[in-house]
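Once you know that position 56 of the sequence shown is 59 in my numbering, the rest is easy, because the numbers rise by one and skip nothing.
What follows is one structure encoded as C-alpha cells, with my remarks underneath.
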Amino acid sequence: EGSHHLQGDRSILRDNNEFLWRESPASFSYDLAADAGPMVVQVRYFTASPQANPYYVAAAAAGPYTFDILVDGQKIATQNLADLHPARREQTITADYPIPAAVGSGKKSITVAFRPHSGDNAGRVISVSVLRAGTASSR
C-alpha cells in the first residue's frame, strides 16, 4: 500500500487470519501505474459473512457496503458488495471495471478511489490493479 500512495485518513486495515482488506466510512485511494490502450480496474474483495467464515472479524460487519469507484475523480462504477455474491459462500470475489478511454488514455498513472455512499462504507478491498482490457478476468 505504501508504494501505491494509499490516501485516506479514516480507512481501516482488517484481518481474518487469511486475508487483509481495507474498508472505510470515508474515501480512500491508491495511485497506480496506467497502461497504453484500453484498461480495467480489477478489484479483489473480501465477501465472506460471519456464517460462512468462523474466523470472520465481527468488527468488520460495519456495512452496508455501497460505494463508487472513481478514476482520477471520474466515477466509473457503483458497487454494492451484496450484489457481487448474494450468498457470500466464497471468501473473496474479483470484479473488473472498464476505464473509459476519455478518463485513462495517455496517462502513466491514475488514482483509483473508493467513495462510500451516505451512511455506508467503502471497501473490503484486498487488492486493486490496473490491467489491459482483455487480460483481466472476473473470478
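For each residue, glycine too, the CB sits at the ideal point set by N, CA and C.
For residue i, count neighbouring Cβ atoms within 10 angstroms of its own Cβ and tell me buried if that reaches 16, exposed if not.
i	result
Arg-161	Beyond the ends of the chain as shown, which are 4 and 142, falls residue 161; an answer cannot be given.
Thr-50	buried
Arg-25	buried
Asn-124	buried
Kindly list the residues whose CB is nearer than 6 Å to the CB of residue i, restricted to its own chain and excluding five residues on each side of it in sequence; keep chain order.
i	result
His-8	Asp-34
Gln-10	Ser-32
Pro-67	Asp-123
Val-60	Summary for Val-60: the model assigns pLDDT 43, below 50, so the residue's position carries little reliability, and this model does not support an answer.
How many whole angstroms separate the CB atoms of residue i and residue j, which I take to be in contact at a CB cut-off of 8 Å?
i	j	result
Val-74	Val-106	5 Å
Thr-97	Arg-47	5 Å
Arg-118	Pro-41	Actually they do not touch by this definition, with Cβ atoms about 24 Å apart.
Mind checking which residues open and close the beta strand (DSSP E) that includes residue i?
i	result
Asp-18	15–18
Ala-80	77–83
Ala-98	95–102
Glu-26	23–27
Can you list, in chain order, the residues of its chain with a C-beta nearer than 7 Å to that of residue i? Leave out the 5 residues immediately preceding and following it.
i	result
Thr-95	Phe-22, Arg-47, Tyr-48, Phe-49, Thr-50 and Ile-129
Any contact of the region 31–39 with the region 80–87, i.e. 3+ C-beta pairs under 8 Å?
no
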